[in-house]
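Letter 17 of the sequence shown, counting from 1, is numbered 32 in the UniProt record's numbering, and no numbers are missing.
Worksheet: one structure, shown below.
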Amino acid sequence: KAPLIITIDGPSASGKTSVARRVAERLGIPYVSSGLLYRAVALLGLREGASPEEIEAHLERHHLELRPTPKENRVYLDGEEVSAALHSLEVDRRVSAVAQRPSVRAYVNQVLRQIPPPFVVDGRDMGSVVFPQARHKFYLTAQPEVRARRRVSEREADFRTILGDILRRDAADQKQSAPAPDAVVLDTSRLGLEEVVEAVLEHLRDP
Ligand code: C5P
């Protein structure tokens, strides 16, 4: 049997990170958030004053590391823990443009593929591109308004600002956001976190 990799993909604020973390916790294996690596690259660009086009040159000079633990992911930039700086509005706004760069995607994918299974990983293209061999694949969706409402509680911004950002990010992320053909698609608009987690665990027991 292939080593256990479970992919959970979906658009921004679809709940994939919370679901991935809970599923991993229930299974007693690490979870990995690929978005954090893209966020760390965006942060690097902001700190260096580099445009998304210039990022590639900076990646060669800096070291990014993701340490998965069952509860959380810590991200280190040149040995400094930057996890707390990765969810600012500035990073939210910069990250999609950075993630469009093929060289950035290749870099992040190579960091991800070095992580030893078992793990649950969330992102946009984990099941379709990075881990096509994954044993279980999920794709979470939810209406944009629902996603914006969920995110308002995590950011210092109002609903309309967040909804606008989410719609822009959906459009920008579209290219790498198609579900893998063999992914189980779950619309979470009307489900709470624990209900989604149960639905995922149910599929794992009885695929
Ligand atoms: O998952 P999260 O919202 O933290 O991801 C931040 C951004 O990183 C996304 O909006 C997307 O632009 C990019 N991303 C990506 N591919 C992934 C994960 C994230 O392009 N697998």
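All C-beta atoms, glycine included, are put in the ideal place defined by N, C-alpha and C.
Predicted model only: the values in this text are computed from it and were never measured.
DSSP-derived helix/strand/coil call for residue i
| i | result |
| --- | --- |
| His-151 | strand |
| Ser-48 | strand |
| Thr-156 | strand |
| Leu-42 | helix |
| Arg-82 | strand |
| Asp-173 | coil |
| Glu-96 | strand |
| Thr-203 | coil |
| Ile-21 | strand |
| Arg-89 | strand |
| Asp-137 | strand |
| Ser-103 | coil |
| Pro-67 | helix |
| Ser-27 | coil |
| Arg-116 | coil |
| Ala-195 | coil |
| His-73 | helix |
| Gln-129 | coil |
Supposed close pair residue i, residue j - CB separation, criterion 8 angstroms
| i | j | result |
| --- | --- | --- |
| Ala-17 | Arg-150 | 6 angstroms |
| Ile-181 | Arg-162 | 6 angstroms |
| Ser-49 | Val-123 | 7 angstroms |
| Val-126 | Arg-54 | Not confirmed; about 13 angstroms, so no contact. |
| Phe-146 | Ile-20 | 5 angstroms |
| Asp-93 | His-78 | 5 angstroms |
| Lys-152 | Thr-32 | Wrong, their Cβ atoms sit about 16 angstroms apart, outside the cutoff. |
| Ser-98 | Arg-89 | 5 angstroms |
| Gly-30 | Leu-219 | Contact doesn't hold; Cβ gap of about 17 angstroms is too wide. |
Same chain, Cβ closer than 6 angstroms to residue i, neighbours up to 5 away in sequence not counted
| i | result |
| --- | --- |
| Arg-165 | Ala-28 |
| Ala-114 | Tyr-53 |
| Val-135 | Ile-21, Ala-35, Val-38, Ala-39, Tyr-46 |
| Glu-80 | Tyr-91 |
| Pro-83 | Pro-45, Val-47 |
Own chain, CB closer than 8 angstroms to residue i, minus 5 neighbours either side, in chain order
| i | result |
| --- | --- |
| Pro-132 | Pro-18, Leu-19, Ile-20 |
| Val-212 | Val-34, Arg-37, Val-38, Arg-41 |
| Leu-51 | Leu-81, Asn-88, Val-90, Ser-98, Leu-101 |
Close beta carbons around residue i, own chain, < 7 angstroms, minus the five adjacent residues each side
| i | result |
| --- | --- |
| Leu-104 | Arg-170, Ala-172 |
| Ser-192 | Pro-26, Arg-139 |
Reference residue i, options the options, closest by Cα
| i | options | result |
| --- | --- | --- |
| Met-141 | Leu-42, Asp-197, Leu-59 | Asp-197 |
| Arg-36 | Glu-71, Ala-57, Lys-86, Glu-75 | Lys-86 |
| Thr-156 | Phe-174, Asp-185, Ser-168, Glu-75 | Asp-185 |
| Val-200 | Leu-208, Glu-209, Ala-214, Ala-187 | Ala-214 |
| Gln-189 | Ala-112, Glu-69, Ile-70 | Ala-112 |
| Leu-58 | Asp-24, Thr-84, Pro-83, Val-119 | Val-119 |
| Val-144 | Pro-117, Phe-174, Val-167 | Pro-117 |
| Pro-194 | Glu-68, Asp-137, Glu-160 | Asp-137 |
| Leu-178 | Ser-168, Glu-160, Ala-187 | Glu-160 |
Any C-beta of chain B under 8 angstroms from that of residue i
| i | result |
| --- | --- |
| Val-90 | Considering every chain present, this structure includes no chain B. It has just one protein chain. |
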